[in-house]
Amino acid sequence: IRKSKEMFRYLFRQTNKKGGGESYKLSMIWPEDFINQVIQGDCLEVMKQMPDKCVDLVLTDPPYGMEYSRHIKNWKQEKIENDNNLEWLPEYLEQAKRVLKDSGSIYTFCSYHNIDKFKNEIEKNFGLRNILIWDKGGAGMGDLETTYGCVYEMCIYANKSPQKLNGKRDSDILKFRRSGNPNHPTEKPQALIAFLINKSSNPEAIILDPFLGSGTTAVAAKHLGRNFIGIEISEKYCEIARGRLRQELLF
Numbered sequence: 005i006r007k008s009k010e011m012f013r014y015l016f017r018q019t020n021k022k023g024g025g026e027s028y029k030l031s032m033i034w035p036e037d038f039i040n041q042v043i044q045g046d047c048l049e050v051m052k053q054m055p056d057k058c059v060d061l062v063l064t065d066p067p068y069g070m071e072y073s074r075h076i077k078n079w080k081q082e083k084i085e086n087d088n089n090l091e092w093l094p095e096y097l098e099q100a101k102r103v104l105k106d107s108g109s110i111y112t113f114c115s116y117h118n119i120d121k122f123k124n125e126i127e128k129n130f131g132l133r134n135i136l137i138w139d140k141g142g143a144g145m146g147d148l149e150t151t152y153g154c155v156y157e158m159c160i161y162a163n164k165s166p167q168k169l170n171g172k173r174d175s176d177i178l179k180f181r182r183s184g185n186p187n188h189p190t191e192k193p194q195a196l197i198a199f200l201i202n203k204s205s206n207p208e209a210i211i212l213d214p215f216l217g218s219g220t221t222a223v224a225a226k227h228l229g230r231n232f233i234g235i236e237i238s239e240k241y242c243e244i245a246r247g248r249l250r251q252e253l254l255f
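For the sequence shown, position 150 matches number 154 in this note's numbering, and the numbering has no gaps at all.
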């Protein structure tokens, strides 16, 4: 079966000693199976096969643990994987700490719904530097009668030790128009992701996005002369990300 070559190259067959039968686990080689690759799989399993202190920046927009849905009439949305809980968060951050260089930084998007949980878990592994506010430039649909229109999301900026940011000192309120979500229900604008990559990395750096979605981090990294590692559990969004990267090569 070769329909999805990128997925099957990472699999090997393993006998299940307890129950008989067979299961599949990831088997990957560093760096060729990681660098500038979109990898379909569970990031907790993929990251375990990465060496210590191998990436310069972790930048990701993970599930917020809020069972996100868009309130648009006659529009059917696929559920976001693992968005109904945050049980994965502690182990994910432990792995992020392990693979991040001492000179690296981590950016984690989140919302007010579970900001306390994200902040507490991040502070167990990193030093918190800022909680950035992404001003989306306009409220979404949501509840039009009993809540205020939400025009922002948060992004927690942290590192193992304070790191110098590139360029001038910018505000912690980041004003970028929303992407319109053409490829994914929570897609971040490429300009916003590119801004963060530029602030906290240099050309040839390795940027890790463990929740790649439709590939915005990979596309921005490639455009800026950085390397990327993109991990995404959904086959559909892996294909979208690969398509966007192929399109990037045309320009």
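The C-beta atom is built at its ideal place from N, Cα and C for all residues, glycine as well.
In angstroms with no decimal places, state the Cα-to-Cα distance between Y161 and C58. The residue labelled residue 161 in the question sits at position 157 within the sequence shown. The residue labelled residue 58 in the question sits at position 54 within the sequence shown. Whole-angstrom Cα-Cα distance: 19 Å.
Pull up the distance between the alpha-carbon of P35 and that of L216, whole angstroms please. Locating residue 35 in the sequence shown gives position 31, where the first residue counts as 1. Locating residue 216 in the sequence shown gives position 212, where the first residue counts as 1. Roughly 18 Å between the two C-alpha positions.
Nearest neighbour of L178, chosen from W138, P207 and S204 [CA to CA]: For the purposes of this step, residue 178 is identified with residue 174 of the sequence shown, where counting begins at 1. Nearest C-alpha to L178: W138.
Helix, strand or coil for K240, going by three-state DSSP, please let me know. As a working mapping, residue 240 is identified with position 236 in the sequence shown. Note: K240 maps to helix in three-state DSSP.
According to DSSP, residues forming a beta bridge with T112: Reading the sequence shown from its first residue, position 108 is the one you call residue 112. Per DSSP, T64 and I160.
Backbone CA spacing between G146 and C154 [nearest angstrom]: Translated into positions along the sequence shown, residue 146 becomes position 142. Translated into positions along the sequence shown, residue 154 becomes position 150. Computed Cα separation, rounded: 8 Å.
What residue does the beta strand (DSSP E) around I33 start on, and which one ends it? Here residue 33 refers to the residue found at position 29 of the sequence shown. From DSSP, I33 is part of no beta strand (DSSP E); its letter is neither H nor E.
Buried or exposed: which applies to D120, given that a residue is buried once 16 or more other Cβ atoms fall within 10 Å of its Cβ? Counting from one through the sequence shown, the residue named residue 120 turns up at place 116. Per the 10 Å Cβ criterion, exposed.
Output the boundary residues of the beta strand (DSSP E) element that contains L212. One-based indexing of the sequence shown puts residue 212 at position 208. Start and end: I210 to D213.
Any idea what DSSP makes of F122, helix, strand or coil? For the purposes of this step, residue 122 is identified with residue 118 of the sequence shown, where counting begins at 1. Reduced to three states, the DSSP call for F122 is helix.
Count the other C-beta atoms from every protein chain shown that fall within 10 angstroms of the C-beta of I126, then say buried if there are 16 or more, exposed otherwise. Start at 1 with the first residue of the sequence shown, and residue 126 comes out as number 122. With 16 or more other Cβ atoms within 10 Å, it is buried.
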